[in-house]
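Here is the structure we will look at.
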Amino acid sequence: MKKRITIDPITRLEGHGKIEIFLDDRGNVAKAYFQVPELRGFEKFSEGRMAEEMPRITPKICGVCPTAHHMASTKAVDDLFKVTPPRTARLIRELVYNAFMFEDHALHFYFLGGPDFVVGPDAPKAERNILGVIAKVGVETGGKVIDIRKRVRNIITTLGGRVIHPVLGLPGGVSRGLTKENREEFTKTAKDAVEFARFSLDLFGNVVLKNKGYVDAITGDVYKHRTYYMGLVDSKNKVNFYDGDIRVVDPNGKEFAKFPVRDYLKHISEHVEPWSYTKFPYLTAVGWKGFVDGEKSGIYRVAPLARLNASDGLSTPKAQAEHDRLYDTLGGKPAHNTLAYHWARLVELLHAAERMVELVKDPDIMGTELRTLPTQKPSEGIGVVEAPRGTLIHHFKSDERGIITQANLIVATVNNAPAICMSVERAAKGLIRNGNVSDGLLNRVEMAFRAYDPCFACATHALPGRMPLEVEIKGPDGTVLRRLSQFVD
Amino acid sequence: MAKPKVAFYWNASCGGCEEAVVDLAEDILKVVKAVDIVLWPVAMDWKRADVEAMKEGEIAVAFLNGGVRTSEQESWAKLLRKKSKLVVAFGACAHLGGVPGLANLHDRKSIFDAVYGYLPSVNNPTGVRPQHKSDSPEGELEIPEFYDTLYALDQVIDVDYYLPGCAPPPDLIMEAVTAILSGKLPPKGSVLAPAKSLCDTCDRNKTKPEKLEIARLKRPHETFMDPEKCFLAEGVICTGPATRSGCGERCINANMPCRGCFGPTDEVRDQGAKFLSALASIIATEDPKEMEKVVESIPDTTGLFYMYSLPASLLTRKKTIR
Numbered sequence: 196m197k198k199r200i201t202i203d204p205i206t207r208l209e210g211h212g213k214i215e216i217f218l219d220d221r222g223n224v225a226k227a228y229f230q231v232p233e234l235r236g237f238e239k240f241s242e243g244r245m246a247e248e249m250p251r252i253t254p255k256i257c258g259v260c261p262t263a264h265h266m267a268s269t270k271a272v273d274d275l276f277k278v279t280p281p282r283t284a285r286l287i288r289e290l291v292y293n294a295f296m297f298e299d300h301a302l303h304f305y306f307l308g309g310p311d312f313v314v315g316p317d318a319p320k321a322e323r324n325i326l327g328v329i330a331k332v333g334v335e336t337g338g339k340v341i342d343i344r345k346r347v348r349n350i351i352t353t354l355g356g357r358v359i360h361p362v363l364g365l366p367g368g369v370s371r372g373l374t375k376e377n378r379e380e381f382t383k384t385a386k387d388a389v390e391f392a393r394f395s396l397d398l399f400g401n402v403v404l405k406n407k408g409y410v411d412a413i414t415g416d417v418y419k420h421r422t423y424y425m426g427l428v429d430s431k432n433k434v435n436f437y438d439g440d441i442r443v444v445d446p447n448g449k450e451f452a453k454f455p456v457r458d459y460l461k462h463i464s465e466h467v468e469p470w471s472y473t474k475f476p477y478l479t480a481v482g483w484k485g486f487v488d489g490e491k492s493g494i495y496r497v498a499p500l501a502r503l504n505a506s507d508g509l510s511t512p513k514a515q516a517e518h519d520r521l522y523d524t525l526g527g528k529p530a531h532n533t534l535a536y537h538w539a540r541l542v543e544l545l546h547a548a549e550r551m552v553e554l555v556k557d558p559d560i561m562g563t564e565l566r567t568l569p570t571q572k573p574s575e576g577i578g579v580v581e582a583p584r585g586t587l588i589h590h591f592k593s594d595e596r597g598i599i600t601q602a603n604l605i606v607a608t609v610n611n612a613p614a615i616c617m618s619v620e621r622a623a624k625g626l627i628r629n630g631n632v633s634d635g636l637l638n639r640v641e642m643a644f645r646a647y648d649p650c651f652a653c654a655t656h657a658l659p660g661r662m663p664l665e666v667e668i669k670g671p672d673g674t675v676l677r678r679l680s681q682f683v684d
Numbered sequence: 008m009a010k011p012k013v014a015f016y017w018n019a020s021c022g023g024c025e026e027a028v029v030d031l032a033e034d035i036l037k038v039v040k041a042v043d044i045v046l047w048p049v050a051m052d053w054k055r056a057d058v059e060a061m062k063e064g065e066i067a068v069a070f071l072n073g074g075v076r077t078s079e080q081e082s083w084a085k086l087l088r089k090k091s092k093l094v095v096a097f098g099a100c101a102h103l104g105g106v107p108g109l110a111n112l113h114d115r116k117s118i119f120d121a122v123y124g125y126l127p128s129v130n131n132p133t134g135v136r137p138q139h140k141s142d143s144p145e146g147e148l149e150i151p152e153f154y155d156t157l158y159a160l161d162q163v164i165d166v167d168y169y170l171p172g173c174a175p176p177p178d179l180i181m182e183a184v185t186a187i188l189s190g191k192l193p194p195k196g197s198v199l200a201p202a203k204s205l206c207d208t209c210d211r212n213k214t215k216p217e218k219l220e221i222a223r224l225k226r227p228h229e230t231f232m233d234p235e236k237c238f239l240a241e242g243v244i245c246t247g248p249a250t251r252s253g254c255g256e257r258c259i260n261a262n263m264p265c266r267g268c269f270g271p272t273d274e275v276r277d278q279g280a281k282f283l284s285a286l287a288s289i290i291a292t293e294d295p296k297e298m299e300k301v302v303e304s305i306p307d308t309t310g311l312f313y314m315y316s317l318p319a320s321l322l323t324r325k326k327t328i329r
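Going line by line, the protein sequences match chains A and B. Following our numbering, the residues of the first sequence are numbered contiguously, the last one being 684. Following our numbering, the residues of the second sequence are numbered contiguously, the last one being 329.
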């Protein structure tokens with residue numbers, strides 16, 4: 196029997212992707228293809244632009260995580276113009292950045308990925324959404340989510356001019372500072388953000404970790420891959436979202452590489468396939484072995500769980516305690532459980548909130564020196580941040596006038612593209628047998644995706660925001676077995 | 008009476024326009040009450056087949072964001088045009104092409120040669136390029152066709168109204184929705200934003216001298232920018248004179264100059280040309296050589312003056328003269 200199944204659309208992720216799953220003659224899954232159907236070509240049209248404009252151009256890659264692209268580009272042009280921002284500017288950037296990590300992680304947990312757990316993977320489709328979450332946790336909590344996101348996003352609006360595509364960063368510093376009133380307001384917001392993150396972790400503990408079915412799903416084989424992990428770490432190997440060295444651990448948790456960001460080309464390569472507009476990165480030293488996991492395959496993962504796996508923990512005490520609890524529960528470090536990304540995301544939510552408190556408390560954040568003017572000739576710059584969805588690399592070369600001659604972008608979700616493909620294939624293989632497609636397949640396959648919080652707008656420097664993903668499963672002759680349609684929340 | 012049907016869709020965009028709709032916060036609930044949303048992939052159940060099954064003109068208004076870069080996007084735009092009474096180009100990319108429109112300085116081949124070819128992290132010794140249709144051992148795989156040119160929405164379908172901005176601010180979105188629901192609409196083709204230029208509403212305008220004259224242009228990173236003063240008066244390029252107002256001076260509030268995301272005012276066809284002419288009139292020299300020197304201090308006028316509007320400009324794209 197030659198079969199092809201289409202799930203159209205699947206939802207609660209950012210960007211448009213397409214998966215084709217082929218069945219063999221017996222109706223079992225032969226192969227899954229994760230396809231990205233668009234490209235906008237940012238790398239090419241960045242050529243010829245003035246370098247200092249890059250922090251205003253690259254955020255247009257993604258309106259969901261513009262702050263990540265803004266900050267990566269800002270840091271890349273610091274490097275390109277060979278200029279170090281004053282401490283005040285750095286603190287302001289980090290405050291904005293942690294505010295962004297917080298609001299974005301909160302968006303994912305409550306709106307996109309969390310409903311699968313809070314409401315439940317097998318709950319009626321109509322309830323598996325933010326409204327279902329509110330129904331489960333109460334209107335008051337729903338109000339809290341909206342309120343804290345609004346206030347934290349307001350930190351970005353205040354300092355960046357706008358929350359969608361902020362503009363504060365320029366080579367050598369930031370364009371404006373904090374007023375006393377701003378600081379008072381942000382201090383309160385940051386403290387409330389810590390409380391909110393703790394509340395979210397408690398919610399996860401009560402609703403998810405006390406439910407055997409969910410714990411089985413998290414720890415089960417369908418959502419597990421032994422891969423390498425990558426993330427930015429500080430000098431003590433603690434997670435840092437804004438700056439640091441790139442650290443890679445192997446599937447056993449042993450340090451495989453640690454290198455300054457300027458060396459990224461020695462360690463990361465990108466593979467090209469004819470059936471997708473996205474590229475597939477891998478560790479150069481291990482090599483591209485196809486879509487397989489394990490130590491012999493160069494596929495690595497990024498984003499919350501990968502960041503924790505690749506680090507020796509977090510620099511803030513409350514988040515560190517939650518980090519320890521996560522690994523105690525999952526049986527040690529590294530954890531390979533894809534669904535544990537959700538949990539790790541909440542640990543990071545708390546870390547981002549604690550960092551906001553620290554940063555706004557630092558007296559230097561009120562300094563008046565916001566910029567260092569470049570004095571040297573521009574040439575080349577690399578800026579790396581940890582975006583919510585993983586390690587984000589912007590690399591520019593310029594001529595003496597600061598005109599970009601080459602722009603290379605390795606974007607957060609792209610790092611996870613090979614693993615996403617494997618995860619979907621494994622979920623499909625676990626659920627499709629003898630041509631019978633379980634009705635539970637749909638959401639279970641989607642859960643394999645959502646854990647990564649993938650953003651295909653970023654993945655292709657291309658894609659429209661939050662467009663549904665299509666899944667097609669087909670046999671060698673392309674016959675459509677069944678078209679499943681997902682209720683879109 | 009049945010509630011009017013509304014569709015939201017997106018093409019070559021970034022998701023920022025979607026965030027802008029979500030950022031309406033409480034106001035979104037008012038919209039949801041007044042209309043029947045029949046297509047909104049982020050929020051509603053839909054299939055392409057559902058839209059195809061609708062009668063022509065059944066959708067009261069479709070809001071489309073993003074430019075058109077692929078065969079799939081073109082086909083969606085045409086489908087929604089057929090099914091909708093009104094089409095609103097939502098945001099800078101649908102309106103003018105937006106920042107991704109700068110790709111019109113290149114074509115498909117040169118973009119592919121960079122992205123899948125010479126960029127330093129790419130390892131592609133056999134020169135593989137993504138294909139519209141490709142064979143795998145299991146069967147044929149398809150991805151949409153990537154065009155040479157990015158088009159603003161009205162270069163592909165007839166557009167009734169434009170909502171400018173990257174992304175459009177919440178107050179303008181609500182005003183537009185309210186106007187459409189109440190049927191109090193301006194003439195077809197209108198941009199649903201104030202007719203003034205940004206300078207007309209900018210607070211810093213009062214610091215602009217009677218006769219603006221600048222001897223030297225400065226790039227933003229080369230100078231400390233006074234948080235109160237007109238950028239142009241300080242010699243920093245700000246595209247305010249050639250840009251429509253209505254954004255709430257968001258970038259200027261962060262002490263950064265305008266880059267033109269609202270597009271030109273009604274009288275102007277080509278935003279970049281308008282800015283160039285405004286700039287020429289304030290450069291404090293009559294000597295062509297001197298003037299050239301001043302302009303040369305801004306080495307990428309195309310990218311700066313047409314940051315959001317190249318596809319909708321008189322140029323549309325880079326031309327090759329054979």
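Cβ atoms here follow ideal geometry from the backbone N, Cα and C, with glycine treated the same way. The structure presented is a predicted model; accordingly, all values stated were derived computationally and were not measured.
Applying the criterion that 16 or more other CB atoms from any shown protein chain within 10 Å of the CB defines a buried residue, is residue i buried or exposed?
i                : result
Ala291 (chain B) : exposed
Val198 (chain B) : buried
Glu379 (chain A) : exposed
Asp684 (chain A) : Since pLDDT at Asp684 (chain A) reaches only 25, below the 50 mark, its modelled position is unreliable, and no value is offered.
Gly22 (chain B)  : buried
Ser464 (chain A) : buried
For chain A, find out if any of its Cβ atoms is closer than 8 angstroms to the Cβ of residue i; answer yes or no.
i                : result
Ile164 (chain B) : no
Arg276 (chain B) : no
Cys24 (chain B)  : yes
Thr77 (chain B)  : yes
Leu311 (chain B) : yes
Arg251 (chain B) : no
Arg211 (chain B) : no
His102 (chain B) : no
Phe269 (chain B) : no
Ile118 (chain B) : yes
Arg324 (chain B) : no
So with Cβ pairs under 8 angstroms, would you call residue i a contact of chain B?
i                : result
Pro659 (chain A) : At Pro659 (chain A), the pLDDT of 29 sits below 50, so the modelled position is not reliable; the number obtained from the coordinates is stated separately. Closer than 8 angstroms: yes.
Pro529 (chain A) : no
Ala654 (chain A) : Confidence is the limiting factor: at Ala654 (chain A) the pLDDT is only 49, short of 50, which leaves the residue's position unreliable, though a coordinate-based value still follows. No - not a single Cβ of chain B is within 8 angstroms of the one on Ala654 (chain A).
Cys257 (chain A) : yes
Ser492 (chain A) : no
Glu215 (chain A) : yes
Val456 (chain A) : no
Can you list, in chain order, the residues of its chain whose CB lies under 7 angstroms from that of residue i, leaving out five sequence neighbours each side?
i                : result
Gly310 (chain B) : Leu109
Gly508 (chain A) : Lys433, Gln515, His518
Within the same chain, show all residues whose beta-carbon is closer than 6 angstroms to that of residue i, passing over the 5 residues directly before and after it, in chain order.
i                : result
Thr655 (chain A) : With a pLDDT of 46 at Thr655 (chain A), under the threshold of 50, the modelled position of that residue is not reliable, and the figure given next carries that caveat. Same-chain partners within the cutoff: Val231, Glu233, Leu234, Tyr472, Thr473.
Glu553 (chain A) : none
Ser370 (chain A) : Leu363
Ser91 (chain B)  : Ile66, Ala69
Phe153 (chain B) : Thr77, Arg115
Ala657 (chain A) : Note that Ala657 (chain A) scores a pLDDT of 32, beneath 50, so its modelled location is shaky; the value from the coordinates is reported in the next line. Same-chain partners within the cutoff: Glu233, Leu234, Arg235.
Quick one: what's residue i bridged to in DSSP?
i                : result
Thr77 (chain B)  : B:Phe153
Val149 (chain A) : An answer regarding residue 149 (chain A) cannot be provided, because it is not within the stretch 196 to 684 covered by chain A.
Arg221 (chain A) : None; Arg221 (chain A) has no bridge partner.
Ile187 (chain B) : Answer is none; Ile187 (chain B) lacks a bridge partner.
Ser506 (chain A) : According to DSSP, Ser506 (chain A) bridges with nothing at all.
What does residue i touch in chain E if you count any residue whose Cβ is under 9 angstroms from its own?
i                : result
Arg223 (chain B) : Looking for chain E here will not work: the only protein chains present are A and B.
### Message
Please give me, in chain order, every unbroken run of the beta strand (DSSP E) with length at least 3 that falls completely inside the stretch 453-495 of chain A.
### Response
463-466, 475-478
### Query
Hey, which unbroken runs of the alpha helix (DSSP H) at 4 residues or more fall wholly within the stretch 328-398 of chain A?
334-355
### Task
Could I get the ranges of all uninterrupted beta strand (DSSP E) runs contained in the stretch 109-173 of chain B, with 3 residues as the minimum, in chain order?
140-143, 146-149, 153-158, 168-170
#### Entry: Ordered list of alpha helix (DSSP H) runs contained in the stretch 234-290 of chain A, each at least 4 residues
237-240, 249-252, 261-275
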